[in-house]
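Step one of this worksheet: look at the structure below.
Number of protein chains: 2
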Amino acid sequence: MSFQTNEYFDGNVASIAFQSDTLPATVGVMEIGEYTFGTEAKEYMTVVSGSLTIKLLNTTEWKTYNAGETFEVEANSSFDVKVTVQTAYLCLYEK
Amino acid sequence: MSFQTNEYFDGNVASIAFQSDTLPATVGVMEIGEYTFGTEAKEYMTVVSGSLTIKLLNTTEWKTYNAGETFEVEANSSFDVKVTVQTAYLCLYEK
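Listed below in structure tokens is the structure:
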């Protein structure tokens, strides 16, 4: 058995997919930088280490989430992220 | 830039290395099973999703850690782990 690993943004974001006790999930790491992620399923993003400053689609407010904090992203949407320190996250995908 | 990913135990454990805001770190995932990990540096292991039941070297007690809980492992030691659901963890390495 081998877990699926993925890289995005030229390797600046890396993740490992797994099945959590509730939902399909990934854990990953983001390099310092700015990214835009699109969603298919609804996502529950929890910062594990570091922090993420995010802006949801069709909003104007940037909000910072620190380790232990979670934000939700609607399905078929997107969000912008600013990362100022290498940051680990957990993402759960609603089925 | 690309993060270093590693696999252990025939791919049953996978991790991504990064630099946390304090210490060198990895986030990773463990498949259901039983493993023994050796340490070089002192480690701070935090369960991110799922749970880990562990027994430190030279102890006899198994103890279960759930999401959000942390255990420490001394340098140049080892610990046994039982995993009953795919589990994600954060590991910080003391320099």
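Read top to bottom, the protein sequences are chains C and P. Residue numbering for the first sequence follows my numbering, beginning at 11 and increasing consecutively. Residue numbering for the second sequence follows my numbering, beginning at 11 and increasing consecutively. Backbone N, C-alpha and C define an ideal beta-carbon position, used for all residues, glycine too.
Proximal residues to residue i (C-beta, below 6 Å), its chain only, five neighbours per side dropped
i       : result
C:THR36 : SER25, ALA27, CYS101
C:VAL91 : TYR45, LEU62, ILE64
C:GLU17 : ALA24
P:TRP72 : THR63, LYS65
P:THR74 : SER61, THR63
Backbone secondary structure at residue i - three-state DSSP
i       : result
P:PHE13 : coil
C:GLY43 : strand
P:LYS92 : strand
P:ALA98 : strand
P:ASN76 : strand
Sequence-distant residues of the same chain with beta carbon closer than 8 Å to residue i, five excluded per side
i       : result
P:ASN22 : MET40, GLU41, GLY43, TYR45
C:ALA77 : VAL57, VAL58, SER59, GLY60, SER61
Check whether residue i and residue j have beta carbons under 8 Å apart
i       : j       : result
P:GLN14 : C:GLN96 : no
C:GLU50 : C:ALA98 : no
P:GLU82 : P:LYS52 : yes
Own chain, CB closer than 7 Å to residue i, minus 5 neighbours either side, in chain order
i       : result
C:GLY48 : SER88
C:LEU33 : LEU102, TYR103, GLU104, LYS105
C:MET55 : THR80, PHE81, VAL83, TYR99, CYS101
Contact with chain B by residue i, beta-carbon distance below 8 Å
i       : result
P:GLY48 : The chain inventory of the structure shown lacks chain B, comprising the protein chains C and P.
Taking beta-carbon pairs under 7 Å, can you tell me which members of the segment 58-74 of chain C lie near chain P? Result list: VAL58, SER59, GLY60.
Just to confirm the assignment: which complete beta strand (DSSP E) runs, minimum length 3, are found wholly within the segment 20-70 of chain C? Whole beta strand (DSSP E) segments, 3+ residues: 23-29, 34-40, 43-48, 53-59, 61-66.
For the segment 74-91 of chain P, which residues have a CB atom closer than 8 Å to at least one CB atom of chain C, in sequence order? Using a CB distance below 8 Å, the part of the segment 74-91 of chain P facing chain C consists of GLY78, ordered along the chain.
Using a Cβ-Cβ cut-off of less than 8 Å, list which residues of the segment 29-42 of chain C approach chain P; keep chain order. Result list: GLN29, SER30, ASP31, ALA35, VAL37, GLY38, VAL39, GLU41.
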